[in-house]
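Asker: Input: one structure, supplied below.
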Amino acid sequence: MAPRERFFVCHPSFYGVEYVINPWMEGNVGSVDAALALRQWDEFVSQLSARAGVELMEPAAGLPDMAFTANAGLVDGNRFIASRFRFMERHPEVRHFTDWFRKHGYRIVELPTQSSFEGEGDALFQPGQPLLWAGYGVRTALQAHRYLSDVLDVDVLPLRLIDPRFYHLDTCFCPLPDGRLIYYADAFDADSRALIASHFAADRRHVVDATEALSFACNAVVTGGSFLTNFAGDGLRARLATWGYETVTCPVGEFLRAGGATKCLALRLDHDHGTPARRTTESRFFECVVEVRGHLLDSGVLNRILDFSEEQGGSVEVENFQPGFRHDQDSWAQLRVVAPSSDHLDAIRKRLIELGASVASDEADAHTEAVVRRGVAPEGFYATTIFPTDVRVGGRWVRAGGQRMDATLVVDDATEVHCRLLRDLQPKDRVVCGGGGVRVHPPSTSDGGADPFGFMSASVSSERRVEVAVSRVAEEMRAIRARGGKIVVVAGPVLIHTGGGPHLASLIRAGYVDALLGGNGLAVHDIEHAMFGTSLGIDLERGIPAPGGHQHHLRALNRIRACGGIREAVRKDVLRGGIMYECVTHDIPFALAGSIRDDGPLPETLMDLTEAQHDYAAIIEGADMILMVASMLHSIGVGNMTPAGVRLICVDISPAVVTKLADRGSLESAGIVTDVGLFLNLLDRSLTERREDPTWRRAVHQ
Ligand code: NAD
790 MAPRERFFVC HPSFYGVEYV INPWMEGNVG SVDAALALRQ WDEFVSQLSA RAGVELMEPA
850 AGLPDMAFTA NAGLVDGNRF IASRFRFMER HPEVRHFTDW FRKHGYRIVE LPTQSSFEGE
910 GDALFQPGQP LLWAGYGVRT ALQAHRYLSD VLDVDVLPLR LIDPRFYHLD TCFCPLPDGR
970 LIYYADAFDA DSRALIASHF AADRRHVVDA TEALSFACNA VVTGGSFLTN FAGDGLRARL
1030 ATWGYETVTC PVGEFLRAGG ATKCLALRLD HDHGTPARRT TESRFFECVV EVRGHLLDSG
1090 VLNRILDFSE EQGGSVEVEN FQPGFRHDQD SWAQLRVVAP SSDHLDAIRK RLIELGASVA
1150 SDEADAHTEA VVRRGVAPEG FYATTIFPTD VRVGGRWVRA GGQRMDATLV VDDATEVHCR
1210 LLRDLQPKDR VVCGGGGVRV HPPSTSDGGA DPFGFMSASV SSERRVEVAV SRVAEEMRAI
1270 RARGGKIVVV AGPVLIHTGG GPHLASLIRA GYVDALLGGN GLAVHDIEHA MFGTSLGIDL
1330 ERGIPAPGGH QHHLRALNRI RACGGIREAV RKDVLRGGIM YECVTHDIPF ALAGSIRDDG
1390 PLPETLMDLT EAQHDYAAII EGADMILMVA SMLHSIGVGN MTPAGVRLIC VDISPAVVTK
1450 LADRGSLESA GIVTDVGLFL NLLDRSLTER REDPTWRRAV HQ
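Position 549, counted from 1, in the sequence shown is what our numbering calls 1338; the numbers after and before it change by one each time, with no gaps.
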């Protein structure tokens, strides 16, 4: 006869719900019927004792969760690996549990990590195999499991929990002897579900339904051919019977109020993990060390790093931290990132590099791979951001040229690095792959008060705020013009419909626009207005539809096409005013990018979008400010090709569009939510007329 298995339990004399550290406890503080809880525990322990050896510990007063011994730690042979609870409320339990195990001859092992580890609650052996299933994501950190795999020398397979109601692995996962499993699939992320499926054939795993899962059916003690659970539905009972198990129901509803059932109340003292208990596969834990410097706390960078890593299924441990002691001093942190696969680690590392981290252990050159097929990058290529980027080449850090978003980094002549679009890649180009040997320099955003435009980006601007914002923009434009800088305007046709056309034309005449970017619609409606006084058929002076006005833009288009283009139309005196007229007569470069909704198009409209992107990129080169008004399409296009450091002002009536355009993690971008007609009117008056002009005041206060 097989020796009886042994379990460790703790009397629930002080059990109760006294705080809230999981969703089950919410609303249950003080609600436990202590006498009933005691009866339920007695009944469970008597069922357990009938089938297995039971070691009892007396609890300490004031620690209501000690009855949940599965969270005390993990036992392996004569070693007790103590828990490091995530929540302060349970920290004092550790001392009592370790005392008990020490007194009973166990060697106490502490994992060499500050990260949380909640014992058998998140670490379940597959009976008879050198394999530990390791839950993480809610309570236990991935780091803890990484060390556990070294300590135990068994395969540790991480499973990520994604539903806070199933905060420990043993609440939703119950491995059985003979390579079988009972589990609740929805508690896990997709990768973990796939890992489970790859390990257990479909007929060896049983998925419980939500009702059973929420009654903690999986939180069962399996011993001596019995399955001791709080609840089991008919399907589960039938499956267990087929597999040769007797289902024993031990209702422990009072313990469910705290988020625990039968398994939580018992810690296994002996495990059979096959002989020899040795790791058979490579470690499932992938890690790297990164360093990050800057205003880490007040800028929120550290939080973003931690949050992103967790969202991606990894986790981060701060190994070293040196705070800046004065407001103007940087902090420095060294972080160990652990992930459950090399793909996860790569994704996390790339994002951390975008946030300004550098791979600490990586003083090697960036890894490059050659392009094989024109326009196709090697699989693991590094994708650029808008921020200045250095690449380590030949032992030196080299700043990448042509910084822009969504490009690759190509090492040219072994000494220079350039951002290059996928489509421009040529065979043999050496493309940087992975995040090693790459450093990104995002701005430090610690000084909230220093950004003169900070006030704009938050929310819908009131008229007063628009007025203030316009005068700030005007000041900057004046300063840029005075120093011979470059201002580029990106605009959509709605600026013509809202009466902004004459104001933009005025700004061009006054020398405040050095280049114009837009689409066919901007030019078509501007020319319609110049020729017919209408925009989309509406008489802009009188605000009413003009007879036959709906055809005006087509007639205007036709006239320009007849001339051979906008420039020709100006030369032939067919086009005599408006934005495009001012551009031609003041020699202001412009590029019109085509789109699927274009009429005509105008001869100048670039219907080849690669060519249009190329012209746009050439025009914005060297810009000091880009004023993006009422065109989501063209503004987003421009934003993607503009490096950090260029002042971007986004004006749109839609807060969502402004947020999208202005929120690029760069201090230089700002958004103004307002009508473009009003904005250009105020800007024009601010820049081209004296402020005391009463009409300007009227316009502002209307
Ligand atoms: P878009 O949707 O990209 O951008 C329009 C933006 O204007 C939106 O973000 C919207 O919120 C904003 N907006 C609307 N009313 C506003 C107001 N009063 N003040 C401030 N912002 C306001 O569209 P788009 O850039 O106008 O056009 C997309 C493409 O379609 C362009 O390439 C354009 O040239 C083309 N188009 C062609 C024609 C034509 O050929 N006849 C006409 C219109 C557009």
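Where is the CB? At the ideal position from N, CA and C, for every residue including glycine.
Source: prediction; values computed, not measured.
Quick check on this structure: which residue in Thr1374, Gly1225, Pro1390, Ile1175 has the alpha carbon closest to the alpha carbon of Thr1431?
Answerer: Your numbering for residue 1431 matches position 642 in the sequence shown. Residue Ile1175 is the option with its Cα nearest to Thr1431.
Asker: Excluding the five sequence neighbours on either side, which residues of its own chain have a C-beta within less than 6 Å of the C-beta of Ser1246, listed in chain order?
Answerer: Locating residue 1246 in the sequence shown gives position 457, where the first residue counts as 1. Residue placement at Ser1246 is flagged as unreliable, the pLDDT there being 44, under the threshold of 50; the coordinate-derived value follows with that caveat. Counting only Cβ-Cβ distances below 6 Å, and skipping sequence neighbours, we find Ala1451, Ala1459, Gly1460.
Asker: Cα-Cα, which of Arg896, Leu921, Gly1307 is closest to Gly1383?
Answerer: Looking up residue 1383 in the sequence shown gives position 594. It is Gly1307.
Asker: Below 8 Å on the Cβ atoms is my contact criterion, and I expect Phe1321 with Ala1345 to pass it. Report the Cβ-Cβ distance as a whole number of Å.
Answerer: The residue given as residue 1321 occupies position 532 in the sequence shown. The residue given as residue 1345 occupies position 556 in the sequence shown. Confirmed, Cβ separation roughly 7 Å.
Asker: Tell me whether Met1421, by its Cβ, gets closer than 6 Å to a heavy atom of the ligand NAD.
Answerer: As a working mapping, residue 1421 is identified with position 632 in the sequence shown. The answer is yes for Met1421.
Asker: Do Arg954 and Ser981 have their C-beta atoms within less than 7 Å of each other?
Answerer: By one-based count along the sequence shown, residue 954 stands at place 165. By one-based count along the sequence shown, residue 981 stands at place 192. Not a contact, by the Cβ cut-off of 7 Å.
Asker: Runs of 4 residues minimum, wholly inside the segment 1376–1437: which ones carry the alpha helix (DSSP H) assignment?
Answerer: Listed in chain order, they are 1398–1409, 1421–1430.
Asker: Spatial neighbours of Arg875 within its chain, please: C-beta separation below 6 Å, excluding the five flanking residues on both sides.
Answerer: Residue numbering aside, residue 875 sits at position 86 when the sequence shown is read from its first letter. Within the same chain, Arg875 has close Cβ partners Ser905, Arg928.
Asker: Alpha carbon to alpha carbon, what distance is there between Asp1059 and Ala986?
Answerer: Counting from 1 along the sequence shown, the entry for residue 986 is found at position 197. Counting from 1 along the sequence shown, the entry for residue 1059 is found at position 270. Computed Cα separation, rounded: 27 Å.
Asker: Run the proximity test for Pro812: is its beta-carbon closer than 6 Å to any non-hydrogen atom belonging to the ligand NAD?
Answerer: Taking the first residue of the sequence shown as 1, we reach residue 812 at position 23. Because no heavy atom of the ligand NAD lies under 6 Å away, the Cβ of Pro812 does not count as near it: no.
Asker: State yes or no: is the C-beta of Ser820 nearer than 6 Å to some heavy atom of the ligand NAD?
Answerer: The residue you call residue 820 lines up with position 31 of the sequence shown. Every heavy atom of the ligand NAD is 6 Å or more from the Cβ of Ser820, so no.
Asker: Helix, strand or coil for Asp944, going by three-state DSSP, please let me know.
Answerer: Position 155 of the sequence shown holds residue 944. The answer is strand: DSSP assigns Asp944 an E or B state.
Asker: Identify the residues that DSSP records as bridge partners of Asp865: which are they?
Answerer: Walking along the sequence shown from the start, residue 865 turns up at place 76. Answer is Arg868, bridged to Asp865.
Asker: With distance defined between alpha-carbon atoms, name the residue in Lys1139, Leu1134, Trp1186 nearest to Asp1154.
Answerer: Counted from its first residue, the sequence shown places residue 1154 at position 365. Out of Lys1139, Leu1134, Trp1186, Trp1186 has the C-alpha closest to the C-alpha of Asp1154.
Asker: Alpha carbon to alpha carbon, how far is Pro1282 from His1423? Give it in angstroms, no decimals.
Answerer: By one-based count along the sequence shown, residue 1423 stands at place 634. By one-based count along the sequence shown, residue 1282 stands at place 493. Between His1423 and Pro1282, the C-alpha separation is close to 11 Å.
Asker: Within 6 Å: the Cβ of Thr1287 and any heavy atom of the ligand NAD?
Answerer: Residue numbering aside, residue 1287 sits at position 498 when the sequence shown is read from its first letter. Yes, the ligand NAD has a heavy atom inside 6 Å of this Cβ.
Asker: Quick check on the DSSP output: the alpha helix (DSSP H) that includes Arg1093 runs from which residue to which?
Answerer: Taking the first residue of the sequence shown as position 1, residue 1093 is located at position 304. Here the alpha helix (DSSP H) through Arg1093 covers 1090–1100.
Asker: Could you round the C-beta distance between Leu1211 and Gly1466 to whole angstroms and report it? I think they count as a contact, below 8 Å.
Answerer: Residue numbering aside, residue 1211 sits at position 422 when the sequence shown is read from its first letter. Residue numbering aside, residue 1466 sits at position 677 when the sequence shown is read from its first letter. Incorrect: roughly 39 Å between the Cβ atoms, too far for contact.
Asker: I'd like to confirm something about His1470: is its beta-carbon nearer than 6 Å to some heavy atom of the ligand NAD, or not?
Answerer: The count along the sequence shown starts at 1 and reaches residue 1470 at position 681. According to the sequence as given, residue 1470 is Asn; it is not His. For the ligand NAD, not one heavy atom lies less than 6 Å from the Cβ of Asn1470.
Asker: Taking its Cβ as the centre, do 16 or more other Cβ atoms sit within 10 Å of Val1161, making it buried, or is it exposed?
Answerer: For the purposes of this step, residue 1161 is identified with residue 372 of the sequence shown, where counting begins at 1. Its Cβ having fewer than 16 others within 10 Å, Val1161 is exposed.
Asker: Who are Cys1208's beta bridge partners in DSSP?
Answerer: Residue numbering aside, residue 1208 sits at position 419 when the sequence shown is read from its first letter. According to DSSP, which records beta bridges pairwise, Cys1208 is partnered with Leu1198.
Asker: For Asn817, which residues from the same chain have a beta carbon less than 6 Å from its beta carbon, with the 5 sequence-adjacent residues on both sides left out?
Answerer: Numbered from its first residue, the sequence shown carries residue 817 at position 28. Hits under 6 Å: Val806, Arg1046.
Asker: Can you tell me where the beta strand (DSSP E) holding Phe797 begins and where it ends?
Answerer: The residue you call residue 797 lines up with position 8 of the sequence shown. Phe797 -> beta strand (DSSP E) spans 795–799.
Asker: Return the chain-ordered list of same chain residues with a C-beta closer than 6 Å to the C-beta of Leu900, the five sequence neighbours on each side being excluded.
Answerer: Looking up residue 900 in the sequence shown gives position 111. If we look at Leu900 and ignore the five residues flanking it on each side, its Cβ neighbours are Phe906, Ala933, Tyr936.
Asker: Buried or exposed: Phe1114, going by 16 or more other Cβ atoms within 10 Å of its Cβ?
Answerer: In the sequence shown, the residue the question calls residue 1114 occupies position 325. Counting Cβ neighbours within 10 Å, Phe1114 comes out exposed, since fewer than 16 surround it.
Asker: Exposed or buried, what is Phe869 when buried is set at 16 or more other beta-carbons lying within 10 Å of its beta-carbon?
Answerer: Residue 869 sits at position 80 when you count from the first residue of the sequence shown. Buried, since its Cβ has 16 or more Cβ neighbours within 10 Å.
Asker: Quick one, are the C-beta atoms of Ala1412 and Val1277 less than 7 Å apart?
Answerer: Here residue 1412 corresponds to residue number 623 of the sequence shown, with the count starting at 1. Here residue 1277 corresponds to residue number 488 of the sequence shown, with the count starting at 1. Yes.
Asker: Please classify Lys1052 as buried or exposed, where buried requires at least 16 other C-beta atoms within 10 Å of its C-beta.
Answerer: Within the sequence shown, the letter at position 263 stands for residue 1052. Under this definition Lys1052 is a buried residue.
Asker: Can Gly1290 be considered in contact with the ligand NAD, in the sense that its beta carbon sits closer than 6 Å to one or more heavy atoms?
Answerer: One-based indexing of the sequence shown puts residue 1290 at position 501. Because no heavy atom of the ligand NAD lies under 6 Å away, the Cβ of Gly1290 does not count as near it: no.
Asker: Pull up the distance between the alpha-carbon of Arg1298 and that of His1375, whole angstroms please.
Answerer: Counted from its first residue, the sequence shown places residue 1298 at position 509. Counted from its first residue, the sequence shown places residue 1375 at position 586. Whole-angstrom Cα-Cα distance: 7 Å.
Asker: For Val1446, I'd like the list of residues in its chain whose CB is within less than 7 Å of its CB, leaving aside the five on either flank, ordered along the chain.
Answerer: Taking the first residue of the sequence shown as position 1, residue 1446 is located at position 657. So the qualifying residues of the chain are Met1421.
Asker: What's the C-alpha gap between His1084 and Glu1143?
Answerer: Working through the sequence shown from its first residue, we reach residue 1084 at position 295. Working through the sequence shown from its first residue, we reach residue 1143 at position 354. About 15 Å.
Asker: Heavy atom of the ligand NAD less than 6 Å from the Cβ of Val1199, yes or no?
Answerer: In the sequence shown, residue 1199 corresponds to position 410, counting from 1. Checking every heavy atom of the ligand NAD against the Cβ of Val1199, none is found closer than 6 Å.
Asker: Taking the continuous alpha helix (DSSP H) assigned at His1060, which residues delimit it?
Answerer: The residue you call residue 1060 lines up with position 271 of the sequence shown. Premise fails: His1060 is in no alpha helix (DSSP H) and is neither H nor E.
Asker: Once you ignore the five residues that flank Pro1216 on each side, which residues in its own chain have a CB closer than 8 Å to its CB?
Answerer: Here residue 1216 is taken as the residue at index 427 of the sequence shown, counted from 1. Answer for Pro1216: Ala1159, Val1160, Val1161, Arg1162, Arg1163, listed in chain order.
Asker: Count the other C-beta atoms from every protein chain shown that fall within 10 angstroms of the C-beta of Thr902, then say buried if there are 16 or more, exposed otherwise.
Answerer: Position 113 of the sequence shown, counted from the start, is the residue given in the question as residue 902. By the 10 Å Cβ count, Thr902 comes out buried.
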